[in-house]
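Residue numbers (our numbering): 144 to 298. For reference, the structure is listed below as structure tokens.
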């Protein structure tokens with residue numbers, strides 16, 4: 144049973160690196176980008192304001208490259224430098240669910256949440272994202288991994 148929460152988000156400053164990546168390379172690419180973004184934050188005047196996320200800016204099916212942003216929310220707006228950009232995650236209406244388990248099964252939770260949106264008369268808004276509440280480097284049992292899926296919806 145999918146546990147869906149309807150919520151109202153507050154805009155959140157972020158820093159991120161954007162990449163075009165084939166879906167089967169998401170894990171390795173994210174594994175390279177997150178440390179770069181974290182180092183940027185650690186050398187800035189801001190603090191991390193939450194766990195890392197990946198935003199899916201453009202998904203072109205499973206056989207083409209996706210446009211993603213791997214980032215970290217920060218305590219105050221920053222100016223990007225080099226490959227690190229600064230922006231914000233949007234505020235507004237959204238639906239969320241918490242996926243528990245391996246990243247390879249995230250697609251099932253995404254599909255279920257999208258069905259819920261359709262079944263409840265909602266329309267997707269801004270590009271969605273995943274929030275990684277557990278670090279696989281620290282939590283060894285994949286059954287314990289928690290990934291929150293956030294899909295902004297139109298008001």
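Glycine residues also receive a C-beta, built at the ideal position from the N, C-alpha and C atoms.
Out of the options, state which residue places its alpha-carbon closest to the alpha-carbon of residue i.
i           : options               : result
residue 165 : 211, 242 and 297      : 211
residue 145 : 177, 241 and 167      : 241
residue 202 : 177, 244 and 253      : 253
residue 275 : 152, 193, 175 and 151 : 193
Compare the beta carbon distance of residue i and residue j with 7 angstroms and say whether it is the shorter of the two.
i           : j           : result
residue 238 : residue 147 : yes
residue 154 : residue 234 : yes
residue 236 : residue 179 : no
residue 187 : residue 221 : yes
residue 189 : residue 217 : yes
residue 270 : residue 169 : no
residue 172 : residue 215 : no
residue 177 : residue 156 : no
Between the C-alpha atoms of residue i and residue j, what's the straight-line distance to the nearest angstrom?
i           : j           : result
residue 263 : residue 158 : 33 angstroms
residue 273 : residue 287 : 16 angstroms
residue 227 : residue 160 : 5 angstroms
residue 167 : residue 246 : 12 angstroms
residue 149 : residue 243 : 19 angstroms
residue 298 : residue 278 : 33 angstroms
residue 260 : residue 266 : 7 angstroms
residue 224 : residue 230 : 12 angstroms
residue 174 : residue 282 : 15 angstroms
residue 257 : residue 219 : 32 angstroms
residue 285 : residue 268 : 30 angstroms
residue 305 : residue 280 : There is no way to answer for residue 305, as the model of the chain reaches only from 144 to 298.
The alpha helix (DSSP H) with residue i in it runs from where to where?
i           : result
residue 160 : Per DSSP, residue 160 belongs to no alpha helix (DSSP H); it is in the beta strand (DSSP E), 155–164.
residue 251 : 249–262
residue 171 : 169–185
Can you give the beta carbon distance from residue i to residue j, rounded, assuming they're within the 8 angstroms contact cut?
i           : j           : result
residue 290 : residue 249 : 6 angstroms
So residue i is in the beta strand (DSSP E); what residue range does that whole segment cover?
i           : result
residue 230 : 228–232
residue 235 : 235–243
residue 197 : 196–201
residue 221 : Here residue 221 belongs to no beta strand (DSSP E), and DSSP marks it neither H nor E.
Is there a Cβ from chain E that is less than 7 angstroms from the Cβ of residue i?
i           : result
residue 243 : In the structure shown, chain E does not exist; there is a single protein chain.
Nearer than 6 angstroms: is that true of the beta carbon of residue i relative to any heavy atom of the ligand GDP?
i           : result
residue 227 : Of the ligands one can find in the structure shown there are none, so the ligand GDP has no counterpart to examine.
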